[in-house]
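Protein chains: 2
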Amino acid sequence: MMIKNQTIEKFLDSVASKTPTPGGGAVAAVTGAMAASLVEMVCNLTIGKKNYPKVQDEMIQIAERASDLSVKLLDLADRDSEAFEKVMEARKIGDKNKTKAALLTAIEIPEKTAEYSENVRELAEIVGKIGNTNAHSDAMSAEQLAFAAIQSAQENIEINKKAIQALAILGKSK
Amino acid sequence: MMIKNQTIEKFLDSVASKTPTPGGGAVAAVTGAMAASLVEMVCNLTIGKKNYPKVQDEMIQIAERASDLSVKLLDLADRDSEAFEKVMEARKIGDKNKTKAALLTAIEIPEKTAEYSENVRELAEIVGKIGNTNAHSDAMSAEQLAFAAIQSAQENIEINKKAIQALAILGKSK
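Residue numbers (my numbering), protein chains in the order written: chain H, 1 to 174; chain R, 1001 to 1174.
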């Protein structure tokens, strides 16, 4: 079942279980999606408010972008798990080329997660400055969560890069 | 409906909507819960593995603590929204004493979120050092997400403390 259709409790259970997926990469993407939704909320709490006449158009645009990023990040949560499952399958059958190809995909997904989360972080910074001041703490939360999502995604990029290096070293020692 | 029983997609939609709850406080608590579940996963990927004989008992204990923290943090996500809704109700009827009391509760909840998330962060640090090295990136992700949950919770503590100060100033100017 796709992550977006799972209840939060069920998702947490599947993270906690002894299977490696969903793991840090999927959780990073979900966190980035939550940060994007917080940005959208700050926009929605600013749109139509008479104290913020000059930023109405910008808020409508940011809300749309944040909504789009939230959907994309949630999709990446599933793709991250799928990519790592392919790595495990290739390792199981001991196919070095397939393992390398699978690892490369397992790097591309968190790279996208980091990129989109950085977009979310930038939007959070903007809405924190010009959005409804009553929702300032929400914008700050979004910024911090997006930053953690970027860092978590980078951990996944690093561990898979190391796995590719290890594969190359194994190849040479043959 | 309790947050734990909502699908991830539905939860994100309710965050993004133009109502202030669930907001940064609830999202912080859910992030802390996800970090706790990641810690539990690292333990579960270490328990029963012959390469880690010396840490088996500790991993079993940490898994139990992480599981407990995940449940508690998820519960705080609901309580955070409830607490802020009480603040809004009290403000609506213009009752200063009720508003202050509601704000004090709205501070206590993120204080708990920050405390439990700090516990999660400490456990993540431990499992990152002594747990299954294949899950090292998951432990690092857990640490970063728990840290962001602490920071987000602190944003909520701060904004509500400022609201209490503003209330006191209003009281004096009467």
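Heads up, the beta-carbon is just placed ideally off N, CA and C, and yes, glycines get one too.
Chain H contact residues for R:SER1192, given Cβ-Cβ distances below 8 Å: Because chain R in this structure spans residues 1001 to 1174, residue 1192 of chain R falls outside the shown range and cannot be described.
Residues bridged to R:THR1046 [DSSP beta-bridge criterion]: Counting from one through the second sequence, the residue named residue 1046 of chain R turns up at place 46. For R:THR1046, no pairing in a beta bridge is given by DSSP.
Whole-angstrom distance between R:GLY1048 and R:GLN1056, CA atom to CA atom: Counting from one through the second sequence, the residue named residue 1056 of chain R turns up at place 56. Counting from one through the second sequence, the residue named residue 1048 of chain R turns up at place 48. Cα-Cα distance, rounded: 7 Å.
Buried versus exposed, by CB contacts within 10 Å (16 or more), H:ILE169: Taking the first sequence and counting its residues from 1, one reaches residue 169 of chain H at position 169. Classification of H:ILE169: exposed, given that the 10 Å Cβ count is below 16.
Three-pair Cβ contact test at 8 Å for the stretch 1039 to 1047 of chain R versus the stretch 1130 to 1140 of chain R: Yes: the two stretches touch, three or more of their Cβ pairs being nearer than 8 Å.
Own chain, CB closer than 7 Å to H:ASP13, minus 5 neighbours either side, in chain order: In the first sequence, counting from the first residue as 1, residue 13 of chain H sits at position 13. The same chain holds no residue with a CB closer than 7 Å to that of H:ASP13 once the five nearest residues on each side in sequence are set aside.
Proximal residues to R:ARG1079 (C-beta, below 7 Å), its chain only, five neighbours per side dropped: Here residue 1079 of chain R refers to the residue found at position 79 of the second sequence. Excluding sequence neighbours, R:ARG1079 sits near ILE1109.
Alpha helix (DSSP H) segment containing R:LYS1004, residue limits: Position 4 of the second sequence, counting from 1, holds the residue named residue 1004 of chain R. Looking at the DSSP string, R:LYS1004 is not in any alpha helix (DSSP H), and its letter there is neither H nor E.
Whole-angstrom distance between H:ALA153 and H:VAL27, CA atom to CA atom: The residue labelled residue 27 of chain H in the question sits at position 27 within the first sequence. The residue labelled residue 153 of chain H in the question sits at position 153 within the first sequence. Rounded to the nearest whole angstrom, the CA to CA distance from H:VAL27 to H:ALA153 is 9 Å.
Proximity winner among H:GLU85, H:SER17, H:MET34 and H:ILE8, relative to H:ALA149 (alpha-carbon distances): Here residue 149 of chain H refers to the residue found at position 149 of the first sequence. Checked all of H:GLU85, H:SER17, H:MET34 and H:ILE8; the closest Cα to H:ALA149 is H:MET34.
Outcome for R:ALA1166 when other beta-carbon atoms lying within 10 angstroms are tallied against a minimum of 16: Against the second sequence, residue 1166 of chain R aligns to sequence position 166. Within 10 angstroms of the beta-carbon of R:ALA1166 lie fewer than 16 other beta-carbons, which makes it exposed.
Own chain, CB closer than 7 Å to R:LYS1174, minus 5 neighbours either side, in chain order: As a working mapping, residue 1174 of chain R is identified with position 174 in the second sequence. A caution first: R:LYS1174 carries a pLDDT of 46, below 50, which makes its placement in the model too unreliable to give a value.
Whole-number beta carbon distance between H:ALA146 and H:ALA124, since they are thought to touch under 8 Å: Position 124 of the first sequence holds residue 124 of chain H. Position 146 of the first sequence holds residue 146 of chain H. By a beta-carbon distance limit of 8 Å, H:ALA124 contacts H:ALA146. Their separation comes to about 6 Å.
For R:MET1041, the nearest candidate out of H:PRO22, H:SER37, H:TYR52 and H:ALA29 (CA to CA): Along the second sequence, one-based indexing puts residue 1041 of chain R at 41. The candidate whose alpha carbon is nearest that of R:MET1041 is H:PRO22.
Contacting residues, own chain, Cβ-Cβ under 7 Å from H:VAL87 (five flanking each side not counted): Numbered from its first residue, the first sequence carries residue 87 of chain H at position 87. Around H:VAL87: THR99, ALA102, LEU103 and ALA106.
Environment of R:PRO1053 [buried if 16+ CB atoms lie within 10 Å]: What you label residue 1053 of chain R is simply residue 53 of the second sequence in a count that begins at 1. Result: exposed.
The stretch 1030 to 1050 of chain R: positions lying closer than 7 Å to chain H by Cβ: Listed in sequence order: VAL1030, THR1031, ALA1033, MET1034, SER1037, LEU1038, GLU1040, MET1041, ASN1044 and LEU1045.
Euclidean distance between Cα positions of R:ALA1163 and R:ARG1065: Translated into positions along the second sequence, residue 1163 of chain R becomes position 163. Translated into positions along the second sequence, residue 1065 of chain R becomes position 65. The alpha-carbon atoms of R:ALA1163 and R:ARG1065 are separated by roughly 34 Å.
Within chain H, partners of R:THR1113 - CB distance below 9 Å: If you number the second sequence from 1, residue 1113 of chain R lands on position 113. Residues of chain H whose Cβ lies closer than 9 Å to the Cβ of R:THR1113 do not exist; the shortest such Cβ separation is about 11 Å.
CA-to-CA distance, R:GLU1122 to H:LYS129, given in whole angstroms: The residue you call residue 129 of chain H lines up with position 129 of the first sequence. The residue you call residue 1122 of chain R lines up with position 122 of the second sequence. Within the model, the alpha-carbon separation for H:LYS129 versus R:GLU1122 is close to 33 Å.
Own chain partners of R:PRO1020 with C-beta closer than 8 Å, once the 5 adjacent residues on each side are dropped: What you label residue 1020 of chain R is simply residue 20 of the second sequence in a count that begins at 1. Apart from the 5 residues on each side of it in sequence, R:PRO1020 sits with its Cβ closer than 8 Å to the Cβ of PHE1084 and MET1088 in its chain, given in chain order.
H:LEU73 beta carbon less than 7 Å from that of H:ALA139: As a first step, residue 139 of chain H must be located in the first sequence, where it is residue number 139. As a first step, residue 73 of chain H must be located in the first sequence, where it is residue number 73. No, the Cβ-Cβ distance between H:ALA139 and H:LEU73 is not below 7 Å.
Spatial neighbours of R:GLY1024 in its chain, beta-carbon cut-off 8 Å, leaving aside the 5 residues before and after: Counting from 1 along the second sequence, the entry for residue 1024 of chain R is found at position 24. Residues of the same chain with a CB within less than 8 Å of the CB of R:GLY1024, apart from the 5 flanking positions on each side, are SER1152, GLU1155 and ASN1156 in chain order.
Pick from H:ASP95, H:GLY171 and H:SER67 that is closest to H:VAL120, judged by C-alpha positions: Locating residue 120 of chain H in the first sequence gives position 120, counting from the first residue. If you compare the alpha carbons of H:ASP95, H:GLY171 and H:SER67 with that of H:VAL120, the shortest gap goes to H:SER67.
Assigned secondary structure, H:SER17 (DSSP; H/G/I helix, E/B strand, else coil): Within the first sequence, numbered from 1, the residue matching residue 17 of chain H stands at position 17. Correct three-state label for H:SER17: coil.
R:ASN1160 classed as buried or exposed, judged by whether at least 16 other C-beta atoms fall within 10 angstroms: What you label residue 1160 of chain R is simply residue 160 of the second sequence in a count that begins at 1. By the 10 Å Cβ count, R:ASN1160 comes out buried.
Beta carbon of H:ILE8 nearer than 7 Å to that of R:ILE1003: Taking the first sequence and counting its residues from 1, one reaches residue 8 of chain H at position 8. Taking the second sequence and counting its residues from 1, one reaches residue 1003 of chain R at position 3. Against a cut-off of 7 Å, the Cβ pair of R:ILE1003 and H:ILE8 comes out as a contact.
Nearest-angstrom Cβ-Cβ length linking R:SER1081 and R:ALA1036, presumed shorter than 8 Å: What you label residue 1081 of chain R is simply residue 81 of the second sequence in a count that begins at 1. What you label residue 1036 of chain R is simply residue 36 of the second sequence in a count that begins at 1. Rounded to the nearest angstrom, the Cβ distance from R:SER1081 to R:ALA1036 is 19 Å, too far for a contact under 8 Å.
Close-in-space but distant-in-sequence residues of the same chain around R:ILE1060 (CB under 7 Å, 5 per side omitted): As a first step, residue 1060 of chain R must be located in the second sequence, where it is residue number 60. Excluding sequence neighbours, R:ILE1060 sits near ILE1047.
Chain H within 7 Å of R:VAL1027, Cβ atoms only: Within the second sequence, numbered from 1, the residue matching residue 1027 of chain R stands at position 27. Yes, its Cβ sits closer than 7 Å to a Cβ of chain H.
R:LYS1018 and R:LEU1076 closer than 7 Å at C-beta: The residue given as residue 1018 of chain R occupies position 18 in the second sequence. The residue given as residue 1076 of chain R occupies position 76 in the second sequence. Not closer than 7 Å, so no.
Residues in the stretch 79 to 106 of chain H having any Cβ partner in chain R nearer than 9 Å: If the cut-off is 9 Å between Cβ atoms, the stretch 79 to 106 of chain H has nothing near chain R.
R:GLY1171, enclosing alpha helix (DSSP H) - first and last residue: Translated into positions along the second sequence, residue 1171 of chain R becomes position 171. Taken as a continuous stretch (DSSP letters only), the alpha helix (DSSP H) holding R:GLY1171 covers 1136 to 1172.
Beta-carbon proximity list for R:VAL1127, same chain, < 7 Å, skipping 5 on both sides: The count along the second sequence starts at 1 and reaches residue 1127 of chain R at position 127. If we look at R:VAL1127 and ignore the five residues flanking it on each side, its Cβ neighbours are VAL1039, VAL1042, CYS1043, ILE1062 and ALA1139.
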